[in-house]
Every structure is written in structure tokens, then in C-alpha cells.
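Chemist: The sequence shown begins at 59 in the working numbering and counts up one residue at a time. C-beta: ideal position from N, C-alpha, C; glycine also. Bear in mind that the values here come from a model prediction, so they are computed numbers and not experimental data.
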Amino acid sequence: MKLFIDSANLDEVRELAWLVDGVTTNPSLVAREKVPFEETIARLCELVDGPVSAEVMSLVADEMVREARPLARIHKNVVIKVPMTEQGMKAVRTLSSEGIRTNVTLVFSANQALVAAKCGASYVSPFVGRVDDVGGGGMDLISDILDVFQNYVFPTEIIVASVRHPRHVFEAASLGADIATVPHAVLKQLFRHPLTDVGVERFLKDWQAAQA
Ligand code: E4P
């Protein structure tokens, strides 16, 4: 499974650029950083050699496409993030016909993922954390989408998004999702286990005692 970092913070991405396979941003993450949007996307592309998602803000297909084209020209790795709406899917169809890759975001059902894939989306982003937040089963959604996609030959990859904790990452990998996009803090947690810390400390202590 590929690991993306879900962040628009350049320091966070720089620190883990050696680990990750791509970057996703969203309007909330970009707004937090106070760096112009296009500059953020260009710098993220310099830091990570993989897909970098940049979201369009228009709600009408033609305007989404007009917004997307210059973003796609920033760097070959830019992927246009489009919301899962009827207008969004019209835009995905057009962008896909122009060879511009898309990431369909705010996916909350397997049918939405199916429609996005049929429209030519390169990626779909089901939001597991937000489903869990309202008492649903975020990972059941991933399982449903995988079931549907396994029946056909869509090239569309599934990005497990809205990841909140390491368990989400494990479950995404266990189900066989293509990608998990993970916040910086959760990526850092993936390295850690208390028994590893205890073990490292004990080996060091024993080694040093033998040198004395
Ligand atoms: C994914 O592409 C989104 O940017 C992100 O995962 C949303 O996460 P949130 O639900 O924690 O805001």
C-alpha cells in the first residue's frame, strides 16, 4: 500500500518526504498555512516525487475545468481534486479526456466511487474518519468499494482518506486499499511501539554495562 501525507504544511512534508509516495491537500489544510495556493502546490511537488492533489473550489463543471487546467500546468505530478457531485463528475470526464488526472474527494458511498470510476477518475477518496464520526463504519465503506472495483477493470485507485489513527492505516492495508493518505502526526505514530522503546533502552544499557 502506498502512503501519502495529508498535509499542506511544508515543514511536515519536508520531514517525511523520504517516506511518502504522494501528498493530498484540501482547502482547509491550505487555508491554515497562509501561503498562496499555487506556491504551496509547486513547493509540495518539489519535495515529493509523486502525485500531489490540488482541489478546485468552483461548483460548476466548466468553471472547475477552467480552474483545473492552470493547476495541472504547475507540475506533471499535480492531480486535480474534484468534489463528488454531478457537476464534479462532468468536470472529471472532461479533465480525463484531456489527460489530466483527478482525485474525486468527499466520497461516502460505494455508488459514488463507482460513478467516479466510470467518469475516469484516477483516484477516489472515501473519508473513513468522517463516516466513523457520525457512527458509521468507515472501513466498511472501503470494503464495499473494493468489492465493487474487483468486479471490473477500473484503473481508479482507492485512497483511504480522513485517517485519524494508526488502526485506520492497518485496516486499510489489511483490506488491500491502494493508498492511505495520513496526517503527519499519525505517520509519526506508525514508527512507534512502547516495547520497541523499552527494547532499545535495554540493549543500550546492557551493551554499555559490558564496556565498563
Ligand atoms: C483527504 O484527501 C482529505 O484531505 C482528508 O483526509 C480529510 O480529513 P479530515 O476528515 O480529517 O478533515
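1) Spatial neighbours of Arg-90 within its chain, please: CB distance less than 8 Å, with the 5 preceding and 5 following residues excluded, ordered by chain position.
2) Would you check whether ligand 1 has a heavy atom nearer than 6 Å to the C-beta of Arg-90?
3) So, using beta-carbon positions, are Ser-220 and Arg-188 closer together than 7 Å?
4) Are the region 129-145 and the region 90-110 touching, with three or more C-beta to C-beta distances below 8 Å?
5) Identify every residue that forms a DSSP beta bridge with Glu-113.
6) For Glu-215, which residues does DSSP report across the bridge?
7) Taking only heavy atoms of ligand 1 into account, decide whether any of them is closer than 6 Å to the Cβ of Thr-82.
8) Under a Cβ-count criterion, where at least 16 other Cβ atoms within 10 Å of its own Cβ denotes burial, should Ser-232 be classed as buried or exposed?
Modeler: So, from the listed chains and residues:
1) Ala-66 and Asn-67
2) no
3) yes
4) yes
5) Lys-139
6) Tyr-181
7) yes
8) exposed
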